[in-house]
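Visitor:
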Amino acid sequence: MEQTKNIIELKHITKTYEDGYTAVSDFNLEVKQGEFITFLGPSGCGKTTTLRMIAGFDIPTEGEILLNGAPITSLPPNKRPINTVFQRYALFPHMNIYENIAFGLRQKKTPEKVIAKKVKKVLELVDLEGFENRKVDTLSGGQQQRVAIARAVVNEPQILLLDEPLGALDLKMRKEMQLELKEMHRELGITFIYVTHDQEEALTMSDKIVVMSEGKMQQIGTPEDIYNEPINAFVADFIGDSNIFNGIMTGKLKVRFCGGEFPCVDDIEEGTHITAVVRPEDVNLTAPDSGRIRGTVTSVIFKGMHYEITVESGKNEIVAQSVHAAKVGDRVGVQVEPDNIHVMIAEDHTNIF
Ligand code: ATP
């Protein structure tokens with residue numbers, strides 16, 4: 001699919017609420033036509049506020065929103081070719097499934113024949129053929145959410161916004177629906193903007209992830225970029241499990257942390273205070289003498305596919321994933337390949353731009 005045209009652009013968007021609280025601050029974003037993009041961040045970081053401004057439920061205090069290059073910053077929601085699916089399904093309980101999905105089309109005075117065709121098509125899309133006459137309360141949570149999605153896509157929006165749409169479902173149903181949503185995105189070919197605080201969900205589903213904290217974009221990239229090359233300690237900590245250490249550059253491509261010196265690939269000036277991030281799966285445990293640092297195993301947890309092993313070295317704790325078991329009290333060495341050490345200049349993570 002051609003993915004070059006920007007469907008939506010947010011330019012220097014700030015939202016300050018009436019009480020003076022700034023929920024989103026100088027936020028810039030370009031979303032390509034057909035992309036699946038996810039806003040990811042902890043509770044209160046401004047994900048929903050950003051989505052509501054794209055939908056038109058909230059108006060930015062500053063900045064501009066463009067749709068296909070044209071400004072829509074203050075356009076009411078019903079004038080935008082954008083629909084939203086919320087966490088709570090918000091279906092009409094007194095109507096059957098067909099009527100729920102047909103509701104918006106009826107309001108637009110769409111001919112009954114066209115409605116019937118469209119409802120049939122979206123029911124196929126969400127795998128609920130034959131459910132037309134069922135009442136809402138006879139459906140499971142997952143099925144109700146599929147109806148909500150069907151209702152949101154039946155009038156063919158250009159963009160579908162999804163605000164924690166799987167948040168009310170149990171884990172098994174959530175995982176199933178993640179894959180179904182991805183499939184629907186492929187079939188529909190429209191742009192999805194998705195909000196979640198669940199990093200695994202974001203990594204599974206998205207073409208691109210926007211990591212947010214305290215109303216600011218921290219990083220944007222593919223799931224692989226965000227996971228493998230976190231731009232700061234906040235992102236590293238939020239995505240996946242990480243060991244995060246303070247350290248210092250001790251020479252060209254040499255970094256010291258946890259009491260050991262490691263070769264690295266990030267070229268940062270000698271003497272610079274840094275933050276080093278190492279994923280547990282990249283920590284190799286060796287014989288005590290062949291590691292860059294030495295330590296003692298303080299905990300071993302069996303995780304099914306691997307063991308999670310904690311090693312204490314001086315005042316530091318290093319968590320490793322290993323397919324080999326170890327015993328509490330074992331003396332071990334710790335080794336990390338240079339390109340598995342992500343070194344960044346130390347700074348306050350909320351203040352990177
Ligand atoms: P969650 O994952 O918990 O839904 P979020 O990242 O979606 O969080 P928002 O709902 O965008 O966060 O809220 C961002 C901040 O703005 C929060 O601190 C929230 O309390 C505040 N906020 C949201 N709506 C208003 C409002 N109408 N008036 C004042 N503050 C608000």
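The numbering of the sequence shown is full-length UniProt numbering, which starts it at 1 and goes up by one. The C-beta atom is built at its ideal place from N, Cα and C for all residues, glycine as well. All values reported here derive from a predicted model rather than from experimental measurement.
So for G333, helix, strand or coil by DSSP?
Guide: As a first step, residue 333 is located in the sequence shown; it is residue number 333 there, counting from the start. Three-state result, G333: strand.
Visitor: Can you give me the Cβ contacts of T14 inside the same chain, cut-off strictly under 7 Å, excluding the 5 residues immediately before and after it?
Guide: In the sequence shown, counting from the first residue as 1, residue 14 sits at position 14. These residues qualify, in order along the chain: T22, V24, S25, D26, P60, T61, E62, G63.
Visitor: May I ask you to check if the CB of S43 is nearer than 7 Å to at least one heavy atom of the ligand ATP?
Guide: Your numbering for residue 43 matches position 43 in the sequence shown. The answer is yes for S43.
Visitor: Within 10 Å of its beta-carbon, does E35 have 16 or more other beta-carbons around it, so buried, or fewer, so exposed?
Guide: Within the sequence shown, the letter at position 35 stands for residue 35. Buried is the call here.
Visitor: First and last residue of the beta strand (DSSP E) that includes K172?
Guide: To locate residue 172, count along the sequence shown from 1; it is residue 172. Element bounds for K172: not the beta strand (DSSP E) but the alpha helix (DSSP H), 171-188.
Visitor: Any heavy atom of the ligand ATP closer than 7 Å to the CB of D19?
Guide: Walking along the sequence shown from the start, residue 19 turns up at place 19. Inclusion of D19 in the 7 Å shell around the ligand ATP follows from its C-beta lying nearer than that to a non-hydrogen atom of the ligand.
Visitor: In whole angstroms, what separates the C-alpha of K108 from that of R151?
Guide: For the purposes of this step, residue 108 is taken as residue 108 along the sequence shown, with counting starting at 1. For the purposes of this step, residue 151 is taken as residue 151 along the sequence shown, with counting starting at 1. Rounded to the nearest angstrom, the two C-alpha atoms are 14 Å apart.
Visitor: Grab me the residues of G291's own chain with a C-beta within less than 6 Å of its C-beta, minus the 5 sequence neighbours each way, in chain order.
Guide: As a first step, residue 291 is located in the sequence shown; it is residue number 291 there, counting from the start. For G291, where only same-chain residues beyond five positions count, the Cβ hits under 6 Å are G333, V334, Q335.
Visitor: Leaving out the 5 sequence neighbours to the left and right, which residues in its chain are closer than 6 Å to D330 when beta-carbon positions are compared?
Guide: As a position in the sequence shown, residue 330 is number 330, starting the count at 1. V297.
Visitor: Which first and last residues belong to the beta strand (DSSP E) in which Q199 is found?
Guide: Position 199 of the sequence shown, counted from the start, is the residue given in the question as residue 199. Here Q199 belongs to no beta strand (DSSP E); instead the alpha helix (DSSP H) covers 199-205.
Visitor: Note down the Cα distance separating K47 from F39, rounded to an integer number of angstroms.
Guide: For the purposes of this step, residue 47 is identified with residue 47 of the sequence shown, where counting begins at 1. For the purposes of this step, residue 39 is identified with residue 39 of the sequence shown, where counting begins at 1. Rounded to whole angstroms, K47 to F39 spans 6 Å at the Cα level.
Visitor: State the start and end residues of the unbroken alpha helix (DSSP H) segment that holds P230.
Guide: Locating residue 230 in the sequence shown gives position 230, counting from the first residue. Segment: none, P230 is in no alpha helix (DSSP H) and carries neither H nor E.
Visitor: Which first and last residues belong to the beta strand (DSSP E) in which Y194 is found?
Guide: What you label residue 194 is simply residue 194 of the sequence shown in a count that begins at 1. 191-196 is the extent of the beta strand (DSSP E) around Y194.
Visitor: Between the alpha carbons of F353 and E347, how many angstroms are there, rounded?
Guide: Here the question's residue 353 lines up with position 353 in the sequence shown. Here the question's residue 347 lines up with position 347 in the sequence shown. In this prediction, F353 has a pLDDT of 29, which is less than 50 and means its spatial position is unreliable; what the coordinates show is noted afterwards. The straight-line gap from Cα to Cα measures roughly 11 Å.
Visitor: Would you say A55 touches the ligand ATP, meaning its beta carbon is less than 7 Å from a heavy atom?
Guide: Within the sequence shown, numbered from 1, the residue matching residue 55 stands at position 55. Not so, every heavy atom of the ligand ATP lies at least 7 Å from the Cβ.
Visitor: Where does H185 land, buried or exposed, given buried means 16+ other C-beta within 10 angstroms?
Guide: For this step, residue 185 is matched to residue 185 along the sequence shown. With 16 or more neighbouring CB atoms inside 10 Å of its own CB, H185 falls in the buried class.
Visitor: Can you tell me where the beta strand (DSSP E) holding F36 begins and where it ends?
Guide: Residue mapping note: residue 36 aligns to position 36 of the sequence shown, counting from 1. Here the beta strand (DSSP E) through F36 covers 36-40.
Visitor: Straight-line CA distance for D94 to E164?
Guide: Here residue 94 refers to the residue found at position 94 when the sequence shown is read from its first residue. Here residue 164 refers to the residue found at position 164 when the sequence shown is read from its first residue. A small correction: the amino acid at residue 94 is His; Asp does not occupy that position in the sequence shown. Roughly 25 Å separates the two Cα atoms.
Visitor: Taking only the alpha-carbon atoms, compute the straight-line gap between K172 and F57 and give it to the nearest angstrom.
Guide: In the sequence shown, counting from the first residue as 1, residue 172 sits at position 172. In the sequence shown, counting from the first residue as 1, residue 57 sits at position 57. Their backbone Cα atoms lie some 32 Å apart in a straight line.
Visitor: Look at L169 and A55 and say whether their C-beta atoms are less than 8 Å apart.
Guide: As a first step, residue 169 is located in the sequence shown; it is residue number 169 there, counting from the start. As a first step, residue 55 is located in the sequence shown; it is residue number 55 there, counting from the start. The Cβ atoms of L169 and A55 lie no closer than 8 Å to each other.
Visitor: Please confirm whether any heavy atom of the ligand ATP lies closer than 7 Å to the CB of G46.
Guide: As a working mapping, residue 46 is identified with position 46 in the sequence shown. G46 Cβ: within cutoff of the ligand ATP.
Visitor: For the region 308-326 and the region 194-214, state whether three or more C-beta atom pairs, one from each stretch, are separated by less than 8 Å.
Guide: no
Visitor: Mind checking who Y307 pairs with in its DSSP beta bridge?
Guide: Reading the sequence shown from its first residue, position 307 is the one you call residue 307. According to DSSP, which records beta bridges pairwise, Y307 is partnered with F302, S322.
Visitor: CB-CB under 6 Å to I37, same chain, minus the five flanking residues each way: which ones, in chain order?
Guide: Your numbering for residue 37 matches position 37 in the sequence shown. Taken in chain order, the residues that qualify are V31, I193, K208.
Visitor: Does the ligand ATP have a heavy atom nearer than 7 Å to the CB of T49?
Guide: For the purposes of this step, residue 49 is taken as the residue at position 49 of the sequence shown. Within the cutoff, so yes.
Visitor: Decide if Q3 is buried, meaning its Cβ has at least 16 other Cβ atoms within 10 Å, or exposed.
Guide: Numbered from its first residue, the sequence shown carries residue 3 at position 3. Note on Q3: pLDDT 47, under 50, position unreliable in the model; no value is reported.
Visitor: In whole angstroms, give me the CA-to-CA distance for E18 and N96.
Guide: Residue 18 sits at position 18 when you count from the first residue of the sequence shown. Residue 96 sits at position 96 when you count from the first residue of the sequence shown. Between E18 and N96, the C-alpha separation is close to 40 Å.
Visitor: Please confirm whether any heavy atom of the ligand ATP lies closer than 7 Å to the CB of A168.
Guide: Walking along the sequence shown from the start, residue 168 turns up at place 168. For the ligand ATP, not one heavy atom lies less than 7 Å from the Cβ of A168.
Visitor: Check for me: the beta strand (DSSP E) holding I8 runs from which residue to which?
Guide: Locating residue 8 in the sequence shown gives position 8, counting from the first residue. From DSSP, the beta strand (DSSP E) with I8 extends over 6-16.
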